[in-house]
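First comes the structure, then the notes that go with it.
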Amino acid sequence: MGDGLYGRTLPQPTELDGPYWDGLRRYELLIQRCTDCQSYLWYPTEVCSRCQSFSMQWTPVAPTGEIYSFTTQYQRTGSKFDEDIPYTSVIVQLAEASEVTMGGLLVEADPDQVRVGLPVVGVFVDATPEITLLQFRPQT
Amino acid sequence: MVPSPTAIIVGIGETEISKDSGRSDVRLNLEASLAALSDGGIVATDVDGIVVPALVGATAEDLMSALGLADLAYSAAIHMGGAGPLAALAHARLAVTSGAAQNVLVSFGQNGRSGSQRLGRRPPRLQISSATTYRRNYEAVHGFVVPAPFYALWAQRYMYENGWTSTEPLAHVARIQSEHAVLNGLGLADRALTVEEHQTSRLISSPFRLYDCSREADGAAAILVRGVANPQPGDVVIRGIGEGHPPQPDQPLARRPFLGSGMPGAARRAFDMAGCSPEDLDFAELYDAFSFNVIWQLEQIGICEPGAGAAFVLDSQIALDGKLPVNTHGGLLAQGHLWGAAHITEAVKQLRGTAGKAQVSGARRGLVTGSGDFGDASVAILEVS
Ligand SMILES: [Zn+2]
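Heads up: the sequence lines are chains V and F, in that order. Each residue of the first sequence is one higher than the one before, counting from 1 in this note's numbering. Each residue of the second sequence is one higher than the one before, counting from 141 in this note's numbering.
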């Protein structure tokens with residue numbers, strides 16, 4: 001688990017999801033898209049789960065969408081996130097790839113104002129010189 | 141052709157359920173197992189099959205060594221999280237009906253409260269269990285490091301889709317099960333909760349409050365399954381049993397449909413095998429890691445129409461005197477979390493008529509569910525012959 005200044009869990013990029021993390025470092029969200037059936041696929045995968053094609057391309061997608069579901073954490077978990085309690089974790093349904101929902105931390109938001117359907121935009125957070133994370137904030 | 145044997149549950153065993161057992165995981169399993177063997181009228185060396193329900197507790201090797209089993213004919217291990225104990229029962233049934241084994245032991249036990257597995261006691265382990273990259277790179281980095289927030293997301297979405305304006309239905313699940321636990325008398329809950337206590341308890345992972353979450357516990361429960369040519373009156377028969385898996389089983393945050401689960405498929409298979417339907421049940425022991433799971437499952441297994449689970453609970457239809465008593469022992473919420481193994485032993489007690497003050501009068505047929513590992517499910521229908 002990564003520490004440093006960011007202090008919370010850090011990813012360990014793999015050969016498969018490397019392009020996703022490389023994209024985030026350039027403040028760009030890339031999602032795999034099947035070049036045969038055009039489906040967007042998330043989590044990163046070796047094969048298109050809709051048509052079993054191995055032909056997929058990492059495709060830029062706007063990091064905007066709506067909150068599909070959310071939870072605000074009040075109880076300690078024994079992780080480095082405990083310093084941030086209460087914090088809100090969300091699932092975001094992407095506007096440009098509605099078949100994709102992805103997890104994220106919601107920042108700059110009052111827990112009482114969070115609701116399903118709230119429009120959000122991506123925030124690129126440089127956790128370390130190597131790792132940038134995609135978080136979300138309410139659209140203003 | 142000789143007909144296949146019928147699988148019956150001939151023995152059950154339990155330890156006490158506590159916050160600090162003072163003995164090892166293996167010891168707990170052995171105590172429950174020996175009690176189950178004694179209840180089933182056999183000695184240790186008569187066991188010729190073991191199905192290990194989970195990746196915690198005792199291994200098959202632990203049990204073989206300790207029980208002195210020198211010629212085990214069948215073993216298997218299940219990797220379905222909290223669905224494991226009931227899924228193990230399905231494997232035990234397959235083993236005895238196929239003739240691979242005659243007496244198959246399923247034992248679950250661990251120090252879930254006092255031991256090192258307790259959540260919050262050590263760095264969260266979800267991210268380093270199975271599917272390491274998924275858990276870490278797409279979930280843990282966003283704060284999803286323990287089970288509660290995942291189930292909270294499902295509950296929140298369900299509440300949105302069903303137009304809930306409060307969590308009062310969840311409070312009634314917690315209230316009713318605590319009342320059952322007090323009658324049962326074997327678990328951690330020592331008093332009945334009120335709806336107000338639930339609604340003013342502290343938030344854990346919204347919308348879940350303290351009493352929406354199961355109580356981690358120390359303890360063990362074991363089940364002995366045997367194949368017989370002709371079940372005798374009073375025997376507890378595994379009439380139907382099935383498992384199910386959700387789409388994108390290890391990708392809960394991206395799952396489509398998001399509220400999809402293995403439960404409907406498991407229930408369909410179990411009812412088909414048993415040749416009965418939800419209205420034929422006398423009680424149900426539903427896997428309740430969180431209060432919401434009870435309402436969700438009432439709909440997933442067809443006891444309630446979609447969206448009708450809340451009204452059923454608010455009307456106390458899951459209480460002992462309701463239409464379908466649920467979690468008559470208090471469940472994971474109030475009795476204690478033994479991964480659903482005690483759901484199975486409680487169902488057997490109900491069918492034997494030995495469930496004490498929480499006995500459902502005239503119980504002849506009951507349903508048990510197990511659920512875990514982000515949506516894996518198992519459903520069994522047990523019936524007294
Ligand atoms: Zn495709």
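Just so you know, even glycine gets a beta-carbon here, dropped at the ideal spot from N, CA and C.
Given this structure, state the Cα-to-Cα distance separating residue i from residue j, to the nearest angstrom.
i                      : j                      : result
residue 46 of chain V  : residue 375 of chain F : 50 Å
residue 301 of chain F : residue 51 of chain V  : 30 Å
residue 242 of chain F : residue 478 of chain F : 26 Å
residue 96 of chain V  : residue 66 of chain V  : 11 Å
residue 377 of chain F : residue 481 of chain F : 17 Å
residue 234 of chain F : residue 227 of chain F : 11 Å
residue 444 of chain F : residue 458 of chain F : 11 Å
residue 510 of chain F : residue 140 of chain V : 44 Å
residue 6 of chain V   : residue 422 of chain F : 54 Å
residue 380 of chain F : residue 505 of chain F : 11 Å
residue 553 of chain F : residue 183 of chain F : Chain F is shown only over 141 to 525; residue 553 of chain F falls outside these bounds and no answer can be derived.
residue 362 of chain F : residue 316 of chain F : 26 Å
residue 14 of chain V  : residue 22 of chain V  : 11 Å
residue 58 of chain V  : residue 28 of chain V  : 11 Å
residue 120 of chain V : residue 442 of chain F : 36 Å
residue 9 of chain V   : residue 127 of chain V : 10 Å
residue 207 of chain F : residue 169 of chain F : 11 Å
residue 358 of chain F : residue 254 of chain F : 7 Å
residue 439 of chain F : residue 173 of chain F : 34 Å
residue 474 of chain F : residue 132 of chain V : 43 Å
residue 391 of chain F : residue 292 of chain F : 16 Å
residue 336 of chain F : residue 313 of chain F : 13 Å
residue 513 of chain F : residue 468 of chain F : 24 Å
How would you list, in chain order, the residues of chain F whose beta-carbon sits under 7 Å from the beta-carbon of residue i?
i                     : result
residue 91 of chain V : 293, 393
residue 43 of chain V : 274, 278, 391, 394
Which residues in chain V sit within 9 Å of residue i, going by Cβ to Cβ distance?
i                      : result
residue 440 of chain F : Those within 9 Å of residue 440 of chain F in chain V number zero; the least Cβ separation is about 18 Å.
residue 310 of chain F : Within 9 Å Cβ-Cβ: nothing; residue 310 of chain F doesn't reach chain V, min ~14 Å.
residue 355 of chain F : Here the premise fails: no neighbours, minimum Cβ distance about 14 Å.
residue 342 of chain F : 74, 75
So, is the C-beta of residue i closer than 7 Å to a C-beta in chain F?
i                      : result
residue 54 of chain V  : no
residue 134 of chain V : no
residue 116 of chain V : yes
residue 11 of chain V  : yes
residue 73 of chain V  : yes
residue 104 of chain V : yes
residue 59 of chain V  : no
residue 87 of chain V  : yes
residue 77 of chain V  : yes
Can you name the residues of chain F whose CB is closer than 8 Å to the CB of residue i?
i                      : result
residue 81 of chain V  : 283, 285
residue 69 of chain V  : 293, 294, 296, 297, 300, 398
residue 100 of chain V : 394
residue 112 of chain V : None at all; the shortest Cβ gap to chain F is about 10 Å.
residue 17 of chain V  : 273, 277
Are the C-beta atoms of residue i and some chain V residue less than 7 Å apart?
i                      : result
residue 280 of chain F : yes
residue 257 of chain F : no
residue 274 of chain F : yes
residue 537 of chain F : As shown, chain F starts at 141 and ends at 525. That puts residue 537 of chain F outside it, with no answer to give.
residue 345 of chain F : yes
residue 289 of chain F : yes
residue 402 of chain F : no
List, in order along the chain, the chain V residues whose C-beta lies closer than 8 Å to that of residue i?
i                      : result
residue 443 of chain F : The contacting residues do not exist; residue 443 of chain F stays about 25 Å from chain V at best.
Given the structure, does residue i come close to ligand 3, in the sense that its CB is under 6 Å from one of the ligand's heavy atoms?
i                     : result
residue 50 of chain V : Absence of ligand 3 is noted for the structure shown, with ligand 1 being the only ligands found.
Starting from the beta carbon of residue i, find every residue of chain V whose beta carbon is closer than 7 Å, and list them in chain order.
i                      : result
residue 253 of chain F : Within 7 Å Cβ-Cβ: nothing; residue 253 of chain F doesn't reach chain V, min ~15 Å.
Can you name the residues of chain F whose CB is closer than 9 Å to the CB of residue i?
i                     : result
residue 14 of chain V : 273, 277
Between residue i and residue j, how many whole angstroms is the CB-CB distance? I'm expecting something under 8 Å.
i                      : j                      : result
residue 171 of chain F : residue 360 of chain F : 6 Å
residue 114 of chain V : residue 88 of chain V  : 6 Å
residue 429 of chain F : residue 229 of chain F : About 18 Å separates the two Cβ atoms, so there is no contact after all.
residue 500 of chain F : residue 425 of chain F : Residue 500 of chain F to residue 425 of chain F, Cβ: 11 Å. No contact.
residue 196 of chain F : residue 257 of chain F : 6 Å
residue 296 of chain F : residue 81 of chain V  : Contact flag wrong, Cβ pair sits at about 19 Å.
residue 192 of chain F : residue 217 of chain F : 4 Å
residue 213 of chain F : residue 240 of chain F : 6 Å
My parser needs the alpha helix (DSSP H) runs of 4 or more residues fully inside the stretch 8-64 of chain V; what are they?
18-25
Enumerate, from N- to C-terminal direction, the unbroken alpha helix (DSSP H) stretches of 4 or more residues contained entirely within the stretch 312-344 of chain F.
335-340
Scan the stretch 333-409 of chain F and note each continuous beta strand (DSSP E) run of 3 residues or more that stays entirely inside, going in chain order.
343-345, 358-368, 376-384
Every unbroken beta strand (DSSP E) inside the stretch 211-272 of chain F [3 residues or more]:
214-217, 243-251
Ignoring anything shorter than 3 residues or poking outside the stretch 490-515 of chain F, list the beta strand (DSSP E) runs there in chain order.
505-512
Runs of alpha helix (DSSP H) lying entirely within the stretch 63-105 of chain V, each at least 4 residues, in chain order:
none
Of all the beta strand (DSSP E) runs that stay within the bounds of the stretch 417-488 of chain F, which reach a length of 3 or more residues?
423-425
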